[in-house]
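Novice: For reference, the structure I am asking about is given below.
Numbering (the numbering used here), first residue to last: 65 to 200.
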């Protein structure tokens, strides 16, 4: 088992009705210390925006609509080579499109580090408990 984090650069496309899709640079990131989660760091004109969500949500969204609430991931109905990520926040809503192959390759890299179903083996419960009870 490797303890290395995974980061890959990719491009999402912001989808707005009536406007050509706008490219948004992004990084997909995975840390074995937080084995259930993945992060997407979007590089916007106003800085960086990070969204963290379940690795399973991203994987399931390659095949079928997944998630509820703030993050929804699903295959694009009109293009099987794209996946849509819907983000809902109190400050706004966005639909972004990504290359499904890029997402699948990223997930494969994360599975090389932590196999699905083995995430609990990577959690240091003593460390997490210490964080909860620390008085710092």
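The C-beta atom is built at its ideal place from N, Cα and C for all residues, glycine as well.
How far does the beta strand (DSSP E) with residue 150 in it extend, from its first residue to its last?
Specialist: Within the chain shown, numbered from 1, the residue matching residue 150 stands at position 86. Residue 150 -> beta strand (DSSP E) spans 143 to 153.
Novice: Please classify residue 164: is it buried, with 16 or more other beta-carbons within 10 angstroms of its beta-carbon, or exposed?
Specialist: Within the chain shown, the letter at position 100 stands for residue 164. So residue 164 counts as buried.
Novice: Where residue 108 and residue 114 are concerned, what is the direct C-alpha to C-alpha distance, given to the nearest angstrom?
Specialist: Translated into positions along the chain shown, residue 108 becomes position 44. Translated into positions along the chain shown, residue 114 becomes position 50. C-alpha separation (whole angstroms): 10 Å.
Novice: Count Cβ pairs between the region 120 to 129 and the region 75 to 82 that sit closer than 8 Å; are there 3 or more?
Specialist: no
Novice: Of the residues 123, 121, 93, which one's Cα is nearest the Cα of residue 104?
Specialist: As a first step, residue 104 must be located in the chain shown, where it is residue number 40. Answer by Cα proximity: 93.
Novice: Could you tell me the alpha carbon to alpha carbon distance between residue 144 and residue 101, rounded to whole angstroms?
Specialist: Along the chain shown, read from residue 1 onward, the residue named residue 144 stands at position 80. Along the chain shown, read from residue 1 onward, the residue named residue 101 stands at position 37. Cα-Cα distance, rounded: 25 Å.
Novice: For residue 135 versus residue 148, is the C-beta distance shorter than 8 Å?
Specialist: In the chain shown, counting from the first residue as 1, residue 135 sits at position 71. In the chain shown, counting from the first residue as 1, residue 148 sits at position 84. Not a contact, by the Cβ cut-off of 8 Å.
Novice: Among the residues of its own chain, which have a CB less than 7 Å from the CB of residue 168, if the five just before and after it don't count?
Specialist: Working through the chain shown from its first residue, we reach residue 168 at position 104. These residues qualify, in order along the chain: 126.
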